[in-house]
Amino acid sequence: MNPQTDSPVALITGAARRIGACIAETLHRDGYNLILHYRGSASEANALAKKLNAVRTNSVATLQADLTDISSVQQLADASKNQWQRLDLLVNNASSFYPTPLREANLEQWDNLIGSNLKGPFFLCQALAEPLREHRGCIINIADIHGDQPLAEHSIYCIAKAGNRMMTKTLAKELAPDVRVNGIAPGAIMWPENAAELTEQQKQKILAKVPLNRPGSPEDIAQAVRFLARSASYITGQVISVDGGRSC
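Per our numbering, the very first residue in the sequence shown carries number 106; after that it's consecutive.
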């Protein structure tokens with residue numbers, strides 16, 4: 106536990122890599138103290154915390170939790186509340202994503218995808234509602250355009266993200282006026298790992314669906330988070346598509 110801080114505090118789930126890490130760096134530059142959640146990426150989370158703490162001492166902590174396990178979710182919430190005795194922002198970014206063709210889908214996949222994309226975020230919101238109310242904070246859920254537009258052979262993931270979108274809207278009503286709740290639905294976001302896995306033909310097939318004719322970047326999502334957290338005091342219950350126009 107650290108002493109109470111006057112800086113705003115954000116908990117970011119799935120913060121060790123990719124979009125989550127980019128969100129963390131963006132919010133840290135804005136003066137937030139951060140709690141970086143990770144499930145299995147301990148080395149990446151700790152390396153990011155070390156990097157950011159070198160910029161501003163004792164401003165970043167890391168916490169491990171399995172969001173598919175409700176007891177682990179509660180432990181994450183309790184530790185987050187105690188870290189700096191305040192919470193201003195919850196970013197539900199952590200997610201599992203993989204295909205589940207109907208002919209092969211099983212209960213373990215269902216529990217994992219629903220757990221990480223919907224059940225875990227819902228119960229984390231529940232557990233952190235009071236400290237967020239106290240500081241008139243906000244919740245930002247990272248959804249997906251495929252929560253609205255189905256992706257073949259990914260039915261469980263799409264179901265979970267559709268639920269995530271509705272969770273955003275229902276919690277916005279329930280937690281108003283004290284807590285704003287919004288979502289971001291990314292489109293095709295490229296980072297080095299997945300860009301290297303795609304052939305040029307596959308990349309062009311994706312870009313053909315994007316009016317802006319380029320893939321998104323983690324920075325595009327991080328800037329949308331920054332806007333909703335800092336500059337959108339009259340926006341709640343909305344899921345903003347950051348997809349280059351793909352969902353038009």
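Just so you know, even glycine gets a beta-carbon here, dropped at the ideal spot from N, CA and C.
If you're wondering where the values come from, they're calculated on a predicted model, not measured in any experiment.
In the three-state reduction of the DSSP assignment, Gln188 falls in the helix class, which pools H, G and I.
Taking one beta carbon from each stretch, the region 205 to 220 and the region 121 to 132 have fewer than 3 pairs nearer than 8 Å; the two do not touch. Residue environment: Asp325 is assigned as buried (16 or more neighbouring CB atoms within 10 Å of its CB, all protein chains considered).
Leaving aside the five residues that flank Asn107 on each side, the residues in its chain whose CB is nearer than 8 Å to its CB run, in chain order, Asn163, Ala166, Gln188 and Trp189. Membership of Cys230 in the alpha helix (DSSP H) is indicated by the continuous run Gly225 to Glu239.
Taking C-alpha positions only, Ala121 is separated from Glu149 by approximately 5 Å. Exposed is the label assigned to Val160, since fewer than 16 other Cβ atoms lie within 10 Å of its Cβ.
For Tyr137 and Val114, the gap between their C-alpha atoms comes out near 5 Å.
Beta-bridge partners assigned by DSSP to Gly288: Asn246 and Val344.
Contact between Ile245 and Asp348 is absent: CB atoms are separated by about 16 Å, not below the 8 Å threshold. Here DSSP, grouped into helix, strand and coil, assigns Thr304 to coil.
Distance from the CA atom of Leu256 to the CA atom of Cys263, rounded to whole angstroms, is 7 Å.
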